[in-house]
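Counted from 1, the sequence shown has number 303 at position 303 by the numbering used here; the numbering is strictly sequential. Comments concern the structure below.
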Amino acid sequence: MISTLLSQLHGPDGDPGPRLAYGADYNPEQWPREVWEEDVRLMREAGVNLVSVGIFSWARIQPAQDEWDFGWLDEIMGLLHAGGIGVDLATATASPPPWLTTVHPEILPVTASGETVWPGARQHWRPTSPVFRAHALRLVRAMAERYADHPALVAWHVSNELGCHNIYDYSDDAARAFRGWLRVRYTTLDALNHAWGTAFWSQRYSDWAQILPPRLAASHPNPTQQLDFKRFSSDALKEYLRTEREVLREITPGVPVTTNFMVMGGTKGMNYPDWAGEIDFVSNDHYVRPGPQDRDELSFSANLTSGISGGRPWFLMEHSTSAVNWQPVNVPKQPGELARDALLHVAHGADAVCFFQWRQSAAGAEKYHSAMVPHAGSDSEVFRAVTNLGQTLRALSQVAGAEREPARVGIVFDWDSWWASEQDSHPTSRLDYHQEALDWYSALLALGVRADVITATTGLDRYDLLIAPVLHVIPAPLAKELTRYVESGGHLVTTYFSGVVDENDHIWLGGHPGALRELLGIRIEEFGPLRDGDAVELDGAGTGTLWTDRITVTDPAVEVLAQYRTGMYAGRPAVTRRAVGQGSAAYVSTRLGAGGLAGLLPELLATAGVESELPVSARGRVEQAVRRDADSRYLFLVNRTDEPVPLPGLTGDILTGPADAEGVLVLAPREVAVLRQPAP
Ligand code: GAL
């Protein structure tokens, strides 16, 4: 689907052929008519070939229940087409207009404590509201029928960042839909009562009608009820996505459908791996949140998006040219960052590089958010950087369609474990699932070792080393699969609070981690979480925070890689590894942080026979990612530092031409090189 879409896009000179898409969200309704012509002219100058139109246009397209105004959109579609720019057309359902919420306030979401989420911003709708759906689907149908045969239309963009503001709704509609979802999951009330452990605190249900979403309660709400509500809430939006998609498929079966995910930082409400099968190609939005690991997080998110897309190319649907407007302090990007951030996404499989947004708004809540054309106009550093990036992407056209080349290390990222491990009433409320996974990723980046972030626990055998941080929820089939992986020679590493519960959030009894106890050859009688500011020293493996475990080794094949030197469990094992045939199963019982893990990993990598593919001098300073197609292998080398980095022995950069006279490719600060090599 993506390749057909990309082949419809043309360069500014009309040149055909495979290419990467380049563009932005385009909101012409914010501007007078005379600006539109200039927009198209500047888009051509910048090399833009794709824009997303209509995302927040509901009120403009349908000013009243039975009034439609498509004239302006017809005109803009025509202008874009004449300019050779393809349109990723939004279904325009993201933000319901005031007339609708005035007549039907029952579409507004409700918080856990019963407050109404009022209109005034955006996304104030309940995914489960039949009234909202009827109105939204009417709009989707009208859009699809009107533009079905429009030559500018290359893809459909369902809603916008589903769940960004409305993932959890506790309304009566949600309660009804939740009960329906539970009936499908459990069939009988007995099964639900068992799964939710309702023998505890007199919570036994005798009728489905008694069940509610986990609304504000006197103490900790039932944990399985909470976990199921998270699963349900993600499914409710997925189901909504499906209903829009069905209308689009009925009317325009040949036009690919996508919706923009938000795989970034702590966005955890939507189980994207589970949504990916519902759309024709994966799209993602990513914004850098400043912090010590911000570039690692960008890489991690792009890598995870590639995992969600099954290694196939995907679209970067939004990111920023410079500052955002929603941080406490919004710092602009430094020179070179715009291109480096964009190309890092391409390195991890993005076949489109798009920004929010084309022209910086003059009014509204996002007027201080950067754009491709800033307030200063086209005579600006940002627009020059935007135009340069357009040229760079054209030079990289040949990369379009190339898939990710699997790495030898896989990091498992699992939504159920993310949701369950961070719930309340646990040994610690400080556990941060995403941070632990990111720390392992950062440590591998520091060592110059390529890793795939993967979401599925199938196809594990392609990885020599599998890292599963805080894999908290392990249903019986997964325990079996991990055991099989290790027994067939794989090397598994897992951490504290992994394998503790099953899919119902029930403890695997008999000593932790119940699901992996045999495989790891250890038994934990008690968890020893650490208070804020407390730390323990490990023999030869740095300092641990957050968590410790009281470990007893139960199998002679277990080697203790590090012991606690201080703390409650001084003298006991902290890091263990059990040899299993050609494979092994290792356990890290404390939080070592990215620095500590970089100290431990060489031992774990050596056991799995994995080494960095980078020259020694570049390790930690350069990130490497690989895409490949039938003929070629594209090696992306990204300078993570603000210093030049020489890369001896590497030649043939598509972007900058041959290496210098001594055959050394030197990456300028923040520069990205792309080497083309023959496919292996
Ligand atoms: C995204 C959203 C855009 C815009 C952007 C600003 O979450 O989809 O519409 O608000 O953030 O960073």
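Beta carbons are placed, not taken as given, at the ideal position from N, Cα and C, and that holds for glycine.
When DSSP assignments are scanned along the region 460–536, the uninterrupted stretches of alpha helix (DSSP H) that are 4 or more residues long and fall wholly within it turn out to be 476–487 and 517–520. DSSP places L227 within a helical segment (H, G or I) once states are collapsed to three. When C-beta atoms of the region 599–612 are compared with those of the region 501–512, fewer than three pairs fall below 8 Å, so the two segments do not count as touching.
From the listed residues H434, L343 and G533, the smallest Cα separation to L316 is found for L343. A Cβ closer than 6 Å to some heavy atom of the ligand GAL marks a residue here, and those residues are N160, E161, C164, D285, Y287, E318, V324, F356, E366 and H369. Going by DSSP, R577 is part of the beta strand (DSSP E) stretching over P573 to V580.
Counted as a single uninterrupted DSSP element, the alpha helix (DSSP H) harbouring S442 occupies residues Y433 to L447.
One alpha carbon belongs to W125, the other to S95, and they sit about 8 Å apart. With contacts defined by Cβ atoms closer than 8 Å, E405 and V638 do not form a contacting pair. In the same chain as P63, and ignoring 5 residues on each side of it, the C-beta atoms closer than 8 Å to its own belong to D69, P97 and W99, in chain order. A direct Cα-to-Cα measurement between S380 and P374 gives close to 8 Å.
The three-state reading of DSSP puts I411 in strand, counting E and B together. Between G571 and the set R577, G581 and V560, the nearest pair of CA atoms involves V560. If you look at T552, you'll find it in the beta strand (DSSP E) that goes D549 to V553. The continuous beta strand (DSSP E) containing D351 extends over residues A350 to F355. In this structure the region 573–582 lies against the region 510–529, because at least three pairs of beta carbons, one per stretch, are closer than 8 Å. In the DSSP assignment, A136 falls within the alpha helix (DSSP H) that extends over P130 to Y147. For H157, the uninterrupted beta strand (DSSP E) run begins and ends at L153 to H157, by DSSP. Boundaries of the alpha helix (DSSP H) around V40: R33 to A46. Shown here for E161: same chain residues with a beta carbon closer than 7 Å to its own, the five before and five after excluded, namely N260, M262 and D285 in chain order. For F281, no alpha helix (DSSP H) run applies, since DSSP gives it neither H nor E. Cβ-Cβ distances below 8 Å link D653 to A659, L665, A673, V674 and L675 in the same chain, with the five nearest sequence neighbours on each side left out; the list follows chain order. Cβ-Cβ distances below 7 Å link V87 to V51, V53, M77, L80, A152, L153 and V154 in the same chain, with the five nearest sequence neighbours on each side left out; the list follows chain order. In the DSSP annotation of this structure, L389 is not part of any beta strand (DSSP E); the continuous alpha helix (DSSP H) holding it starts and ends at E381 to A395.
According to the DSSP assignment, F315 belongs to no alpha helix (DSSP H) but to the beta strand (DSSP E) extending over W314 to E318. Around the beta-carbon of W201, fewer than 16 other beta-carbon atoms lie within 10 Å, marking it exposed. Following the DSSP letters along the chain, one finds R633 in no alpha helix (DSSP H) but inside the beta strand (DSSP E) bounded by residues S632 to N639.
In its chain, beyond the 5 residues on either side, P127, L162 and G163 have a beta carbon closer than 6 Å to the beta carbon of L237. Residues of the same chain with a CB within less than 7 Å of the CB of V610, apart from the 5 flanking positions on each side, are R408, V409, V449, D464 and L465 in chain order. With 16 or more neighbouring CB atoms inside 10 Å of its own CB, A21 falls in the buried class. Contact check for P427 and F355: beta-carbon distance about 43 Å, past the 8 Å limit, so the pair fails to qualify. Nearest C-alpha to L137 among T252, L460, T243 and D461: T243. Cβ atoms of P213 and S425 stay farther apart than 8 Å, at about 18 Å.
W118 and Y168 have their alpha carbons spaced roughly 15 Å apart.
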